[in-house]
Every structure is written in C-alpha cells, then in structure tokens.
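Structure, as structure tokens:
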C-alpha cells in the first residue's frame with residue numbers, strides 16, 4: 001500500500017505544553033532536514049500553501065543555523081531498494097521510490113550545498129543505519145533540530161530515538177508536515193509530552209539568535225559531557241575525536257591561563273566552580289562529574 005494522495009491543511013499555530021524546558025544551543029545542535037525529497041512532496045500539491053510555507057520556513061531555519069555554526073544534515077531514501085534492504089517497509093508502503101533523479105532529489109528549493117551532509121536513509125528513524133549518532137558524538141553535539149516530512153512517521157521516530165540516546169530533540173511545529181492535521185498534532189503532542197521539545201520557527205530563530213548574543217565568543221555552562229568535550233576541544237585547538245575522557249587535559253595543552261579564562265566564563269554564566277577544584281583533577285571525565293554536581 002503506497003502513500004495516499006495528501007491534501008493541504010493549515011500549519012498549527014498553537015504549541016502543545018512541553019514537559020521540559022530546553023533551549024537550543026548553537027554549540028550543541030545539529031539541524032536535520034528530514035526526507036524533503038521530491039518523491040515525498042509529490043503526494044501533495046507542491047504549489048499548495050502548505051508546501052510553500054513549509055519550504056520557506058525550512059529555508060529560514062537553515063540559513064539561521066548555518067550563520068550560527070549549526071551543521072545541516074539531510075536524509076534521503078535511495079531509489080530501487082533491494083528487498084533485503086527495504087524489508088518490512090514494503091509490507092506497509094510498497095516498493096518505494098524508483099531510481100529516478102527527478103523524484104529521489106532533495107526538493108530544489110532546499111537543495112543541499114557542498115558544506116551540508118547527506119545521509120542515505122533506510123528506516124523511519126534517521127539514526128538507523130546512518131552515521132548520524134557517531135557524527136554527533138565525534139563533534140560534541142547532543143541536540144537535534146528536526147524539520148521535514150512526515151511528522152508522525154520518520155520525524156517522530158527520530159525524535160524518540162534521540163531521546164533514548166540522550167540527545168535532546170527539538171521538533172519545529174511549522175517546519176514539519178504530515179498526512180493530515182490530526183497526524184501532525186499527534187506527532188507534536190507526543191514529542192512535547194514524551195521525548196522532546198516542540199517550538200515554532202520564530203521561537204527557534206529567537207533561541208538561536210539569543211544564544212549567539214549571550215555566548216558570543218565565550219563558553220556557556222556545559223549541558224552534557226559531549227558539550228564539555230566540544231568546549232575543551234575549541235579551547236585547546238584540538239580535534240574533538242582526539243579528546244579522551246580519562247587523560248589529563250594538561251597533555252592536550254591546558255595551562256593556567258586557559259583554565260582561568262574558562263572558569264571566568266562559567267562563573268559569569270552562573271556555575272559555582274573554582275580554579276582550584278578544576279586544577280585538582282584536570283581530566284574531562286572528572287570535570288564533568290564536578291560540573292554535574294554543581295548544576296544539581
């Protein structure tokens with residue numbers, strides 16, 4: 001059974017009540033542009049208000065993310081999938097896409113650039129059989145901004161898997177689309193209540209811009225060990241994947257001047273930590289344990 005023909009509907013204006021109070025941090029986030037392929041959009045009228053608004057919103061979000069240093073990742077299903085690769089998807093949706101560039105391509109108005117990442121997608125969740133999780137781990141990022149189609153299928157499953165791997169998922173209410181208004185609302189309600197945070201385009205852009213203004217070139221309070229790893233890699237000018245949790249940060253070039261600068265930034269941001277506490281055990285894992293205690 002293939003995807004049915006889809007009718008347009010007004011994008012939601014109301015945001016469901018979130019159980020958590022998360023904010024997007026450009027140093028921690030990745031933008032996921034989920035399955036915005038011609039094939040999936042062709043089930044709508046691509047000239048409809050729904051698709052035109054969706055596209056404009058994603059364009060604005062992507063540009064703001066790129067300007068803030070947030071990497072953009074696309075997912076796209078391949079054409080002519082082998083039965084062993086497609087497996088149970090065939091039972092639900094039929095054989096899927098043909099290997100035809102006119103339908104496998106990303107919607108032209110959102111085409112990726114050479115700086116963007118494109119992952120081949122095989123299952124509902126963007127984490128399954130892709131390097132997305134390892135890329136986020138290696139770059140010290142633990143937040144995922146989700147836009148695209150379809151909200152109650154791949155977008156929702158990706159948000160749920162993010163939650164189960166300790167990644168904060170942000171679903172943008174007016175930058176996803178679905179089979180119907182009811183399906184769209186169901187996805188937003190589930191994410192807000194069970195596995196992530198829902199916000200609209202304007203709220204997202206405001207959070208990103210506000211974070212840029214607050215942080216500037218300074219270091220905010222780390223929200224996770226990957227976030228701390230990213231900060232230290234930037235401070236010490238070493239690749240994130242070379243940072244090891246247990247080794248002394250002195251071996252990576254940490255000195256008292258850099259440590260005092262870091263302490264000053266964290267103290268100004270509201271973290272009650274001292275130079276002596278950090279100097280006593282200068283390893284990434286010891287620092288994260290200390291920061292976790294200070295944050296509770």
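Residue numbers (full-length UniProt numbering): 1 to 296.
A virtual CB, placed ideally from N, CA and C, is assigned to each residue, including glycine.
Counted within 10 angstroms of its Cβ, other Cβ atoms place residue 266 as buried (16 or more) or exposed:
Residue 266 should be labelled buried.
Taking C-alpha atoms, which residue in 293, 98, 35, 58 lies nearest to residue 150?
The shortest Cα separation from residue 150 among 293, 98, 35, 58 belongs to 35.
For residue 121, count neighbouring C-beta atoms within 10 Å of its own C-beta (all shown protein chains included) and say buried if the count is 16 or more, exposed if not.
Buried, because 16 or more other Cβ atoms sit within 10 Å of the Cβ of residue 121.
DSSP state of residue 150 mapped onto helix, strand, coil
In the structure shown, residue 150 sits in coil (DSSP, three-state: anything other than H, G, I, E or B).
Straight-line CA distance for residue 242 to residue 255?
Computed Cα separation, rounded: 18 Å.
Using the rule of at least 16 other Cβ atoms within 10 Å of the residue's Cβ for burial, across every protein chain shown, is residue 161 buried or exposed?
The residue is buried, with at least 16 neighbouring Cβ atoms inside 10 Å.
Drop a sphere of 10 angstroms on the beta-carbon of residue 214, count the other beta-carbons inside from all chains shown, and report buried for 16 or more, exposed for fewer.
Its pLDDT being 49, under 50, residue 214 is placed unreliably by the model, and the measurement read from it follows with that caveat. Residue environment for residue 214: exposed (fewer than 16 other C-beta atoms within 10 angstroms of its C-beta).
Give every residue of the same chain whose Cβ lies closer than 8 Å to the Cβ of residue 111, excluding the five residues on either side of it in the sequence, and list them in chain order.
For residue 111, the CB contacts under 8 Å within the same chain, skipping 5 residues up- and downstream, are 105 in chain order.
Given this structure, state the Cα-to-Cα distance separating residue 201 from residue 171, to the nearest angstrom.
Computed Cα separation, rounded: 10 Å.
Looking only at C-alpha atoms, which of 5, 244, 139, 56 sits nearest to residue 286?
Closest in alpha carbon position to residue 286, among 5, 244, 139, 56, is 244.
With three or more beta-carbon pairs closer than 8 Å as the criterion, would you say the region 140-160 touches the region 24-34?
With the cut-off at 8 Å, the region 140-160 and the region 24-34 touch.
To which residues of the same chain is residue 168 closer than 6 Å at the C-beta, ignoring the five residues directly before and after it?
Correct list, in chain order: 22, 143.
Taking just the CA atoms, how far does residue 281 sit from residue 42?
Between the alpha carbons of residue 42 and residue 281 lies a distance of about 57 Å.
With H, G and I counted as helix, E and B as strand and the rest as coil, what does DSSP make of residue 32?
Note: residue 32 maps to strand in three-state DSSP.
Compare the Cα-Cα distances from residue 230 to each of 284, 87, 96, 203 and report the closest residue.
Of the candidates 284, 87, 96, 203, the residue whose Cα lies closest to the Cα of residue 230 is 284.
With a threshold of 8 Å, are at least 3 pairs of Cβ atoms found where one atom belongs to the region 183-196 and the other to the region 43-60?
Contact between the region 183-196 and the region 43-60 is absent, because fewer than three Cβ pairs lie under 8 Å.
Helix, strand or coil for residue 187 per DSSP?
In the three-state reduction of the DSSP assignment, residue 187 falls in the helix class, which pools H, G and I.
Within this structure, are the beta carbons of residue 64 and residue 208 separated by less than 8 Å?
Going by C-beta atoms, residue 64 is nearer than 8 Å to residue 208.
Looking only at DSSP bridge pairs, what is residue 283 linked to?
Under the DSSP definition of a beta bridge, residue 283 partners with 248.
Buried or exposed for residue 222, please, with buried defined as at least 16 other CB atoms from any protein chain shown within 10 angstroms of its CB.
Taking all protein chains in view, the Cβ of residue 222 is crowded by 16 or more other Cβ atoms within 10 Å, so the residue is classified as buried.
Enumerate in chain order the residues of its own chain whose CB-to-CB distance from residue 259 is below 7 Å, with the five nearest sequence positions on each side excluded.
Excluding sequence positions up to five before and after residue 259, its CB lies within less than 7 Å of the CB of 275, 278, 279, all in the same chain and listed in chain order.
Cβ separation of residue 75 and residue 119, assumed to be a contact under 8 Å, to the nearest whole Å:
Indeed they touch by this definition, with Cβ atoms about 5 Å apart.
Output needed for residue 216: all residues of its chain with C-beta closer than 7 Å, excluding positions within five of it in sequence on either side, in chain order.
Low local confidence applies: a pLDDT of 46 at residue 216 is under 50, so the model's placement there is unreliable, with the coordinate-based value given in what follows. If we look at residue 216 and ignore the five residues flanking it on each side, it has no Cβ neighbours.
Write down the C-beta distance between residue 99 and residue 79 rounded to the nearest angstrom, noting that I regard them as a contact closer than 8 Å.
The pair is a contact, with the Cβ atoms about 3 Å apart (cut-off 8 Å).
Cβ of residue 34 within 7 Å of any heavy atom in the ligand PLP?
The ligand PLP is absent from the structure shown, which contains no ligand whatsoever.
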